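Chains as they are written, first to last, in this note's numbering: chain A, 253 to 884; chain B, 8 to 205. Glycine residues also receive a C-beta, built at the ideal position from the N, C-alpha and C atoms. No experiment lies behind these values; they were computed from the predicted model shown.
See the structure below:
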């Protein structure tokens with residue numbers, strides 16, 4: 253089974269038992285890995301009635317068939333679970349080297365369930381997993397914890413680790429999982445799921461080689477793909493030179509840079525914290541994830557030495573969205589979030605919401621827009637659940653709703669929006685509204701065609717034609733997340749390249765539209781999960797501000813998102829009914845007819861199973877075999 | 008949308024990639040197809056020259072649609088394409104009569120296309136055979152040549168499908184020029200021998 257390793261490792265933290273399971277080749281073929289495999293496992297084993305912070309929720313760490321190969325930007329992995337912030341089926345993915353080391357443990361996925369009686373960490377290598385005591389790590393910042401495990405003095409020197417910080421330990425719904433102390437499985441409060449299991453960290457130390465089916469063909473396609481990555485100005489110049497923050501000035505110029513909780517769409521001081529500003533002031537060098545030719549990460553000079561970041565979304569969330577302009581303040585807030593283990597987008601969005609509530613007289617413990625010190629106080633309070641921070645720890649929607657002002661939370665399905673004002677990018681508005689995991693730019697970023705002109709430029713203010721285009725991009729994104737490869741490589745490469753690399757790596761013939769089909773299957777499965785908990789059309793919407801309040805000035809002046817006509821078109825093109833439920837014919841075409849039949853509010857049928865107990869093994873996973881290591 | 012059809016149609020005609028009434032264009036919008044009218048002039052498209060019909064089924068629009076509607080539908084059903092450009096690029100058509108594939112030697116087409124397969128059918132217009140072999144090839148490639156007839160290219164936009172068409176014709180013209188000049192081509196690309204496997 254080249255490309256795949258053919259094994260899933262299950263760990264029950266409650267009993268300490270571990271077990272290998274073979275990966276069903278049909279599941280591998282239909283869902284690839286990463287997000288797709290994770291969605292399948294969560295759909296099958298975590299009912300929507302399961303408390304996301306209960307022991308029955310799963311953490312599915314998954315890699316893909318290209319992970320650990322020479323495919324460009326393929327050193328990523330993903331985590332699937334039920335989000336404690338939104339309740340939606342959820343996945344996050346991250347770079348670094350952890351994913352490659354996990355795959356080299358001979359695994360396609362690591363599935364963690366249950367709750368340990370005391371803080372533990374998980375050590376995984378080629379012979380299995382061990383649950384180890386982590387009481388001495390509990391309370392440490394995330395980078396300190398990974399350093400204690402894999403740093404020069406640690407017991408697993410040279411291995412790769414991910415860890416939660418205090419935010420995850422305190423079950424904060426904005427908590428991220430920090431990967432090697434620098435990258436993040438950021439969104440959806442996934443850090444709180446680890447915290448709820450008393451799982452402080454996971455160490456991956458695998459060294460097994462990753463085989464590909466046709467080495468000669470694979471090397472050739474990779475060679476051709478790298479030529480395009482090097483020839484494309486976004487991947488060969490803009491991202492390497494300025495990092496993701498190259499977008500700051502661009503989006504601001506276009507009037508699509510949300511400012512002060514989306515009250516404005518341009519930030520006059522944006523240039524102070526742009527990619528250009530970072531490059532000319534604090535940048536020391538570039539950094540890259542495993543095997544990535546783009547190297548978009550920034551190593552900068554901080555007050556306490558070298559550190560990584562901040563990325564575009566973090567600069568925006570902690571900067572313009574909170575009215576904070578000084579690069580030093582943004583870097584400090586970013587560092588704080590990384591240490592505490594907070595998702596910078598959701599944390600920034602929640603603080604921005606608190607700032608608007610404060611200025612409206614509805615949250616006396618908040619801070620004014622632009623108050624950097626107040627921002628840091630709120631972030632720290634949220635991570636520790638101290639005083640007013642305890643309210644922020646529940647996310648912007650809960651905070652605003654508790655003040656009777658839910659419309660001030662800039663979120664979709666409970667997930668805080670990222671750094672694009674969709675009033676200046678109509679397709680992005682539809683993308684946000686229809687995202688299965690909520691306010692997110694990574695399910696489909698219409699930035700590519702509405703701003704960057706990739707593969708061709710479309711009118712960003714037009715509604716016409718956006719639905720069809722968005723669907724294709726959502727499918728491509730789901731397929732890339734299942735491979736698991738970086739979206740940035742997609743600026744230069746098409747589905748065709750990924751299909752050819754996948755075919756050569758696995759020996760299974762994939763054409764371009766086969767990848768689209770995988771993406772469509774994953775998207776519809778996630779949709780079914782959300783439908784199963786009664787989420788229909790009413791959830792595919794945007795904050796009222798974006799639908800009803802026109803942009804006051806700049807290039808997008810007078811615009812709102814004209815969502816409903818695009819949404820009607822979107823459902824029709826997807827083969828869904830007016831309420832957003834996939835038709836039986838569509839589900840049959842995707843091989844999901846059984847899943848649809850069991851979906852409440854979906855294609856019809858009773859609610860999914862209730863209770864906290866995990867369901868039986870999914871269709872792709874055989875019964876548990878004997879434990880190879882750990883246990884007791 | 009008409010403006011986009013006009014822009015691409017005009018370019019195809021002005022570049023000599025289609026004759027006065029040759030070629031056709033379409034885009035897929037959900038379950039509907041917008042396609043050039045049968046007998047329209049791509050270089051001079053006007054109101055009423057783009058007609059609408061179904062991807063899966065006929066309606067009144069079929070009375071006006073291009074005679075290639077069948078292959079357009081089959082392509083949409085079989086691929087992820089959202090736009091199709093069918094043209095008659097003369098140099099590429101000439102090469103299709105001599106060989107079973109077109110392997111570009113110029114840099115642009117090498118990057119973008121690598122290899123363009125040539126498929127052949129006895130009846131080249133509106134036949135069930137064409138509706139089978141062309142979509143099949145487009146599952147693996149973004150542009151394909153139908154021997155002696157012309158090119159079919161897919162994209163997410165008309166402009167993208169047009170780009171593949173234009174790049175192919177330029178590549179074919181360069182190959183034809185080289186053959187006229189004679190002599191051995193000096194290879195500059197590493198691994199170009201692998202392009203046959205693309």
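Residue from the options whose Cα sits closest to the Cα of residue i
i: residue 498 (chain A); options: A:270, A:530, A:480 and A:692; result: A:530
i: residue 299 (chain A); options: A:633, A:381, A:782 and A:552; result: A:782
i: residue 378 (chain A); options: A:460, A:297, A:515 and A:427; result: A:460
i: residue 337 (chain A); options: A:567, A:273 and A:599; result: A:599
i: residue 255 (chain A); options: A:412, A:286 and A:462; result: A:462
i: residue 26 (chain B); options: B:12, B:46, B:95 and B:127; result: B:95
i: residue 441 (chain A); options: A:785, A:596, A:458 and A:845; result: A:596
i: residue 701 (chain A); options: B:141, B:183 and B:163; result: B:163
i: residue 180 (chain B); options: B:54, B:161, B:110 and B:139; result: B:110
i: residue 695 (chain A); options: A:532, A:703 and A:738; result: A:738
i: residue 820 (chain A); options: A:291, A:832 and A:640; result: A:832
i: residue 669 (chain A); options: A:660, A:676, A:684 and A:658; result: A:684
i: residue 434 (chain A); options: A:613, A:805, A:550 and A:678; result: A:550
i: residue 615 (chain A); options: A:733, A:630 and A:625; result: A:630
i: residue 720 (chain A); options: B:9, B:150 and B:39; result: B:39
i: residue 690 (chain A); options: A:493, A:666, A:699 and A:346; result: A:666
i: residue 478 (chain A); options: A:792, A:749 and A:834; result: A:749
i: residue 628 (chain A); options: A:323, A:846, A:374 and A:581; result: A:581
i: residue 803 (chain A); options: A:733, A:722, A:677 and A:287; result: A:677
Residue-chain proximity (residue i, chain B), Cβ-Cβ < 8 Å
i: residue 313 (chain A); result: no
i: residue 891 (chain A); result: The question about residue 891 (chain A) has no answer, for chain A in this structure spans 253 to 884.
i: residue 707 (chain A); result: yes
i: residue 860 (chain A); result: Because residue 860 (chain A) carries a pLDDT of 31, less than 50, the predicted location of this residue cannot be relied on, and no value is offered for it.
i: residue 825 (chain A); result: yes
i: residue 764 (chain A); result: yes
i: residue 703 (chain A); result: no
i: residue 831 (chain A); result: no
i: residue 724 (chain A); result: yes
i: residue 565 (chain A); result: no
Cβ shell of residue i (< 6 Å), same chain only, five flanking positions each side left out
i: residue 103 (chain B); result: 125, 152 and 154
i: residue 413 (chain A); result: 398, 401, 402, 453 and 455
i: residue 503 (chain A); result: 509
CB contact check: residue i to chain A, cutoff 8 Å
i: residue 87 (chain B); result: yes
i: residue 36 (chain B); result: yes
i: residue 21 (chain B); result: no
i: residue 54 (chain B); result: no
i: residue 17 (chain B); result: no
i: residue 198 (chain B); result: yes
i: residue 204 (chain B); result: yes
i: residue 10 (chain B); result: no
i: residue 201 (chain B); result: yes
Close beta carbons around residue i, own chain, < 7 Å, minus the five adjacent residues each side
i: residue 799 (chain A); result: 812, 813 and 815
i: residue 496 (chain A); result: 548, 563 and 564
i: residue 760 (chain A); result: 281
i: residue 210 (chain B); result: Since the first residue shown for chain B is 8 and the last is 205, residue 210 (chain B) is missing from the structure and cannot be characterised.
i: residue 196 (chain B); result: 117
Sequence-distant residues of its chain with Cβ nearer than 8 Å to residue i (five each side left out)
i: residue 71 (chain B); result: 44, 45 and 58
i: residue 632 (chain A); result: 588, 592, 638 and 641
i: residue 746 (chain A); result: 707 and 764
Please list the residues of the segment 709–721 of chain A that have a C-beta atom closer than 7 Å to any C-beta atom in chain B, keeping them in chain order. 720 and 721
What residues in the segment 458–490 of chain A have a beta carbon less than 9 Å from any beta carbon of chain B? 468, 469, 471, 472, 473, 475, 476, 479, 480 and 483
Which ranges would you report for the alpha helix (DSSP H) in the segment 760–797 of chain A if only whole runs of at least 4 residues count? 764–784
Mind checking the segment 161–184 of chain B against chain A and listing, in chain order, the residues whose C-beta falls within less than 8 Å of any C-beta there? Listed in sequence order: 162, 163, 164, 166 and 167.
Compile a chain-ordered list of the residues in the segment 128–150 of chain B whose CB is closer than 8 Å to at least one CB of chain A. Closer than 8 Å at the C-beta level to chain A, one finds these residues of the segment 128–150 of chain B: 146, 147 and 149.
Segments assigned beta strand (DSSP E), at least 3 residues, entirely inside the segment 329–355 of chain A: 329–334 and 341–346
May I ask you to list, following chain order, the residues of the segment 803–821 of chain A that have a beta carbon less than 9 Å from some beta carbon of chain B? 821
Secondary structure, beta strand (DSSP E): runs of 3+ residues fully inside the segment 443–484 of chain A: Annotation: the segment 443–484 of chain A contains the following complete segments of the beta strand (DSSP E) (minimum length 3 residues), in chain order: 451–456.
Tell me which residues of the segment 99–126 of chain B have at least one Cβ-Cβ distance to chain A shorter than 8 Å, keeping chain order. 118 and 121
Which runs of the alpha helix (DSSP H) at least 4 residues long sit entirely within the segment 357–397 of chain A? Give them in chain order. none
Listed in chain order, which residues of the segment 772–795 of chain A have Cβ atoms closer than 9 Å to some Cβ of chain B? Nothing from the segment 772–795 of chain A brings a Cβ to less than 9 Å from some Cβ of chain B.
For the segment 265–298 of chain A, which residues have a CB atom closer than 9 Å to at least one CB atom of chain B, in sequence order? none
Could you tell me which whole alpha helix (DSSP H) segments of length 4 or greater appear in the segment 61–87 of chain B? 76–85
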